[in-house]
Amino acid sequence: QNLGIRGLWLMPIHPSSSYHKYNVEDYYEIDPAYGTMADFETLIAECEKRDIHVIIDLVVNHTSSEHPWFKEAVSYLQSLPAGAEPKAEDCKYLDYYFFSREQGAGARPVNGTEWFYEGMFDFTMPDVNFGSEALWEEYRQIMEFWLGKGVAGFRLDAAKEFYSGNTEKNVEVLSRIQKMAIDIKPDCYLVAE
Numbered sequence: 002q003n004l005g006i007r008g009l010w011l012m013p014i015h016p017s018s019s020y021h022k023y024n025v026e027d028y029y030e031i032d033p034a035y036g037t038m039a040d041f042e043t044l045i046a047e048c049e050k051r052d053i054h055v056i057i058d059l060v061v062n063h064t065s066s067e068h069p070w071f072k073e074a075v076s077y078l079q080s081l082p083a084g085a086e087p088k089a090e091d092c093k094y095l096d097y098y099f100f101s102r103e104q105g106a107g108a109r110p111v112n113g114t115e116w117f118y119e120g121m122f123d124f125t126m127p128d129v130n131f132g133s134e135a136l137w138e139e140y141r142q143i144m145e146f147w148l149g150k151g152v153a154g155f156r157l158d159a160a161k162e163f164y165s166g167n168t169e170k171n172v173e174v175l176s177r178i179q180k181m182a183i184d185i186k187p188d189c190y191l192v193a194e
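For the record, in the sequence shown the residue sitting at position 182 is 183 according to our numbering, with numbers rising by one throughout.
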């Protein structure tokens, strides 16, 4: 049937414990509420036949507190003796988030430790650290995966909150995401909230 459309935007489709799915637990899977990866691949193939381009939400300013990166970082902090200093070389995921012994704005306690993590939106959504080059490489691989599946691009959630209140830093993050996406797929479509 001809719907008279050229594009579809799928809001977050990744596994998540919330109704809105903005706290991503696995960037490489489809939430069972929406079907399977095979269902997604069929959707892309059928859309391609009809010249309909599909973009998906890409949530990069935080993950779920149930994401393996965060869970591993928390487990590492919980394993440290009181007063011990954590080392990123012992757990690379420490640098993916903001951990501190000080309870600043949006800080949430790491159970069983003297540590806090930044979660400005919600305690189930730990903010990521865009200063981590390893995190950037993870996001590159995630974009490569979905562009390889046939998506036309991404909608970036909460783009003005990468660095809340800092337009210059937010533009830097958006520019870097754009460059990475275009390096992977020159006609990649990006739109930001």
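We treat Cβ as the ideally placed atom computed from N, Cα and C, and that holds for glycine.
Next item on the list: State the Cα-Cα distance for the pair Tyr20 and Ile183, rounded to the nearest angstrom.
Entry: 31 angstroms
Check: In chain order, what residues of the same chain lie with their CB nearer than 6 angstroms to the CB of Leu95, ignoring the 5 residues before and after it?
Finding: Ala74, Pro87, Ala89
Margin query: Checking 9 angstroms against the spacing of the C-beta atoms, do Ile185 and Glu145 come in under that value?
Written below: yes
Checklist line | C-alpha distance - Ile53 paired with Ile6, whole-angstrom precision | finding: 7 angstroms
Check: Cα separation between Gly105 and Ala160?
Finding: 22 angstroms
Notebook entry, point to check: What is the residue span of the alpha helix (DSSP H) that Gly149 lies within?
Noted result: 134 to 149
Note to self: Am I right that Pro110 and Phe100 are in contact with their C-beta atoms under 8 angstroms? What's the rounded C-beta distance?
What the structure shows: 11 angstroms between Cβ atoms; not a contact.
Note to self: I'd like to know if the segment 40 to 60 and the segment 149 to 168 are in contact, where contact means that at least 3 CB-CB pairs between them fall below 8 angstroms.
What the structure shows: yes
Notebook entry, point to check: From Ser133 to Asn3, what does the alpha carbon distance come to, in whole angstroms?
Noted result: 45 angstroms
Checklist line | Glu42 versus Val55 - alpha carbon distance | finding: 11 angstroms
Check: Buried or exposed: where does Lys50 fall if 16 or more other Cβ atoms within 10 Å of its Cβ makes it buried?
Finding: exposed
Margin query: Rounding to the nearest angstrom, what Cα-Cα distance links Gly149 and Asp188 in this structure?
Written below: 13 angstroms
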